[in-house]
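**Q** Under the numbering used here, the first residue of the sequence shown is numbered 39, with each subsequent residue one higher. Shown below is the structure under consideration.
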Amino acid sequence: MCPKVALVSNMDDIGLSVTFDGKREDYFPDLMKWASENGASVEGFEMVNFKEEGFGLRATRDIKAEELFLWVPRKLLMTVESAKNSILGPLYSQDRILQAMGNIALAFHLLCERASPNSFWQPYIQTLPSEYDTPLYFEEEEVRCLQSTQAIHDVFSQYKNTARQYAYFYKVIQTHPHANKLPLKDSFTYEDYRWAVSSVMTRQNQIPTEDGSRVTLALIPLWDMCNHTNGLITTGYNLEDDRCECVALQDFQAGDQIYIFYGTRSNAEFVIHSGFFFDNNSHDRVKIKLGVSKSDRLYAMKAEVLARAGIPTSSVFALHFTEPPISAQLLAFLRVFCMTEEELKEHLLGDSAIDRIFTLGNSEFPVSWDNEVKLWTFLEDRASLLLKTYKTTIEEDKTVLKNPDLSVRATMAIKLRLGEKEILEKAVKSAAMNREYYRKHMEERAPLPRYEESDLGLLEGGVGDSRLPLVLRKLEEEAGVQESLSLTETVSKVKAAENGLVNGESLIPNGTRSENESLSPEESENTTGDTEESSGSMDAVKERL
């Protein structure tokens with residue numbers, strides 16, 4: 039039996055304890071009225087069912103690119119701060135898990151307000167889906183479609199964490215004195231919790247607190263109806279006017295669907311945390327874990343060169359959907375990984391050592407032709423091995439996808455595993471092409487390109503898309519994967535034009551990271567992190583689950 043079913047099959051049939059009459063779209067007029075009365079913009083768009091993409095916003099007038107068309111004031115947002123000031127407050131003040139994990143606090147805030155007919159947020163809550171397409175809602179056969187994918191480990195962790203959290207909080211609600219007045223005491227089902235964490239997981243975002251001193255998590259009505267497309271972050275938080283603001287990603291004509299960009303997420307992250315697969319995702323990627331073995335006789339030298347370049351000796355990198363398939367950082371790692379002792383000495387000793395370090399990630403300046411042949415051969419072999427771990431072929435997946443009876447969730451899962459294989463196959467072909475290209479140069483004894491002083495530290499030449507030193511490139515990549523939302527470290531600089539919000543924050547998965555915990559660069563770029571341990575006091579918290 040699939041792990042998910044074993045964990046929660048005895049809880050699946052209980053159902054939601056609170057339901058609303060009619061369909062969610064029946065409540066859209068109430069949402070618009072409530073939003074308008076409380077200072078949000080409601081002109082220029084309407085909520086429409088786009089079938090395959092579900093509900094979204096449709097322009098009712100022409101909207102120009104970069105035009106401010108949507109704003110939502112703080113009072114309409116459901117936040118960790120509003121949770122503290124709600125009926126949940128007394129329990130929040132006593133429970134360390136609610137305090138440490140803002141997403142769980144937000145989920146319980148949502149449940150309490152849903153169970154309160156007179157809740158201020160009722161017009162918003164009534165328009166939320168009654169179920170989602172996140173893996174928490176997958177049937178066993180749909181989960182099987184994810185087997186061999188890089189997402190499966192995170193999916194199983196999501197099941198395990200959600201079930202453990204439900205069991206923990208069920209006991210808390212029944213026994214804790216500060217839970218006596220909660221509307222959940224008489225009815226708190228697993229289905230309730232699954233719905234709440236999925237609602238938060240697909241919609242949560244970081245915004246600055248009212249005083250701008252730190253960040254908090256929030257659900258943003260109206261704005262969270264926007265669907266995703268490729269582009270740039272166009273939403274931010276205006277502290278002066280204390281509201282979330284969104285400018286148009288592009289020109290939208292009356293009748294067009296209004297899209298926003300959720301951030302640089304892989305399709306694995308979209309499937310796990312948002313419940314959809316995005317075709318032609320320009321930021322799609324697969325993980326590849328690489329490290330220098332400590333048994334390598336040149337380990338110390340390689341570790342030192344990597345350290346000077348700001349790269350760990352073991353890390354999770356990414357193979358990308360777009361060309362080139364590897365980043366400047368991965369190119370630099372592979373070059374060091376394949377260096378001879380003499381080449382390592384050249385990067386550690388002498389006046390030109392620092393210059394060589396700064397060009398490690400620049401594809402225009404190889405260490406040697408032999409080094410290039412070795413690294414591309416290694417990458418080709420590694421990607422080929424990863425391809426062999428899948429139980430189906432690309433052709434078989436394409437055939438299965440033609441089945442008209444395939445469920446939406448099974449289709450999404452099969453597209454994910456197909457997409458991973460296509461990225462790996464592309465990497466194999468690219469590596470083979472580069473291997474032969476450099477082998478030819480080596481056989482012809484072509485002179486190595488010489489760099490000028492003005493070239494030092496630039497990471498261009500087809501692999502890096504940034505003109506930055508390698509160490510800075512690494513920092514830039516980390517910031518980019520944080521969904522272009524730099525509020526975590528620089529809340530004081532938050533402006534709509536400078537910092538972006540994304541619909542659903544995948545870096546804060548269901549109940550596994552504290553509100554203020556950050557990811558390492560390699561985690562933030564390439565992993566969804568559902569099972570990563572927290573630091574400090576979080577160790578004690580995790581012992582309680």
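Glycine included, each C-beta is placed from N, C-alpha and C at the ideal position.
When the Cα of A156 is compared with those of I125, E169, R134, Y170, which residue comes out closest?
**A** On the sequence shown, position 118 is the one that residue 156 refers to. Here the sequence assigns Asn to residue 156, which means Ala is not the residue at that position. Comparing Cα positions, the closest option is I125.
**Q** Taking the alpha-carbon of I211 as reference, which of L222, Q203, A201 has the nearest alpha-carbon?
**A** Taking the first residue of the sequence shown as 1, we reach residue 211 at position 173. Answer by Cα proximity: L222.
**Q** Under the criterion of a Cβ to heavy atom distance below 8 Å, does M450 qualify as lining the ligand FAD?
**A** In the structure on display, the ligand FAD does not appear, and there are no ligands present to speak of.
**Q** Where do the ends of the beta strand (DSSP E) carrying R152 lie?
**A** If you number the sequence shown from 1, residue 152 lands on position 114. Taken as a continuous stretch (DSSP letters only), R152 belongs to no beta strand (DSSP E), being part of the alpha helix (DSSP H) at 140-152.
**Q** Is the distance from the Cβ of L372 to the Cβ of L425 below 9 Å?
**A** Residue mapping note: residue 372 aligns to position 334 of the sequence shown, counting from 1. Residue mapping note: residue 425 aligns to position 387 of the sequence shown, counting from 1. No.
**Q** State the DSSP-derived secondary structure class of M377, mapped to helix, strand or coil.
**A** The residue you call residue 377 lines up with position 339 of the sequence shown. The answer is coil: DSSP assigns M377 none of H, G, I, E or B.
**Q** Quick one: any contact between the region 460-472 and the region 352-365, if contact means 3 or more CB pairs under 8 Å?
**A** Touching, per the Cβ criterion.
**Q** Just confirm the distance between the C-beta atoms of S304 and R323, as a whole number of angstroms; I'd bet it's less than 8 Å.
**A** Within the sequence shown, residue 304 is the residue found at index 266, counting from 1. Within the sequence shown, residue 323 is the residue found at index 285, counting from 1. Confirmed, about 5 Å.
**Q** Does the count of Cβ pairs from the region 383-402 and the region 337-349 closer than 8 Å reach three?
**A** The answer is yes - the region 337-349 touches the region 383-402, with three or more Cβ pairs under 8 Å.
**Q** Give the list of continuous beta strand (DSSP E) stretches no shorter than 3 residues that lie fully inside the region 53-122.
**A** Runs found: 83-87, 93-97, 106-111.
**Q** For D249, count neighbouring C-beta atoms within 10 Å of its own C-beta (all shown protein chains included) and say buried if the count is 16 or more, exposed if not.
**A** Counting from one through the sequence shown, the residue named residue 249 turns up at place 211. Exposed, by the Cβ-count rule.
**Q** Assign L439 to one of two classes, buried (16 or more other C-beta atoms within 10 Å of its C-beta) or exposed (fewer than that).
**A** By 1-based counting over the sequence shown, the position of residue 439 is 401. Result: exposed.
**Q** Cα-Cα, which of E75, W233, Y175, E90 is closest to T57?
**A** Position 19 of the sequence shown, counting from 1, holds the residue named residue 57. Closest by alpha carbon: W233.
**Q** Check whether the region 269-278 and the region 72-91 touch, using three or more Cβ-Cβ pairs below 8 Å as the test.
**A** The region 269-278, when compared against the region 72-91, does not touch it at the 8 Å Cβ threshold.
**Q** Would you list the residues sitting across from V253 in a DSSP beta bridge?
**A** Here the question's residue 253 lines up with position 215 in the sequence shown. P246, per the DSSP bridge assignment.
**Q** Taking the alpha carbon of N141 as the point to measure from, which residue in P362, Q242, Y228 has its own alpha carbon closest?
**A** The residue given as residue 141 occupies position 103 in the sequence shown. If we check each option's Cα against that of N141, Q242 comes out closest.
**Q** So what's G388 in DSSP terms, helix, strand or just coil?
**A** For the purposes of this step, residue 388 is taken as the residue at position 350 of the sequence shown. Of the three classes helix, strand and coil, the one that applies to G388 here is coil, per DSSP.
**Q** Please go through the same chain and pick out, in chain order, the residues whose beta-carbon is closer than 7 Å to the beta-carbon of F66, but skip the five residues on each side of it.
**A** The count along the sequence shown starts at 1 and reaches residue 66 at position 28. Only M85, T165 meet the Cβ criterion.
**Q** If R455 and T172 are in contact, beta carbons under 8 Å, what's the gap, nearest whole angstrom?
**A** Working through the sequence shown from its first residue, we reach residue 455 at position 417. Working through the sequence shown from its first residue, we reach residue 172 at position 134. With a Cβ gap of about 17 Å, R455 and T172 do not count as contacting.
**Q** For G329, write down the residues that DSSP places opposite it in a beta bridge.
**A** By one-based count along the sequence shown, residue 329 stands at place 291. Looking at the DSSP assignment, G329 forms a beta bridge with S352.
**Q** Within the chosen definition, does the region 406-416 reach the region 476-487 through at least 3 CB pairs nearer than 8 Å?
**A** Yes: at least three Cβ pairs fall under 8 Å.
**Q** DSSP on V405, reduced to helix/strand/coil?
**A** On the sequence shown, position 367 is the one that residue 405 refers to. Residue state, collapsed to three classes: coil.
**Q** Alpha carbon to alpha carbon, how far is I258 from Q160?
**A** Position 220 of the sequence shown holds residue 258. Position 122 of the sequence shown holds residue 160. Spanning the two alpha carbons is a distance of roughly 14 Å.
**Q** Which residue or residues does DSSP assign as beta-bridge partners of Q160?
**A** As a working mapping, residue 160 is identified with position 122 in the sequence shown. DSSP lists no partner for Q160.
**Q** With a CB to CB cut of under 7 Å and the five nearest residues on each side skipped, what residues in its chain are close to P128?
**A** Stepping through the sequence shown from its first residue, residue 128 is reached at position 90. These residues qualify, in order along the chain: H216.
**Q** What does the alpha-carbon distance come out to for the pair Y206 and P167?
**A** Translated into the one-based positions of the sequence shown, residue 206 becomes position 168. Translated into the one-based positions of the sequence shown, residue 167 becomes position 129. Their backbone Cα atoms lie some 25 Å apart in a straight line.
**Q** By a C-beta neighbour count over all protein chains shown, 10 Å radius and 16 as the cutoff for buried, is E229 buried or exposed?
**A** Indexing the sequence shown from 1 puts residue 229 at position 191. Under this definition E229 is a buried residue.
**Q** Can you list, in chain order, the residues of its chain whose CB lies under 7 Å from that of E418, leaving out five sequence neighbours each side?
**A** Taking the sequence shown and counting its residues from 1, the one referred to as residue 418 is at position 380. Excluding residues within five positions, the ones whose Cβ falls inside 7 Å are V466, A469, A470, R473.
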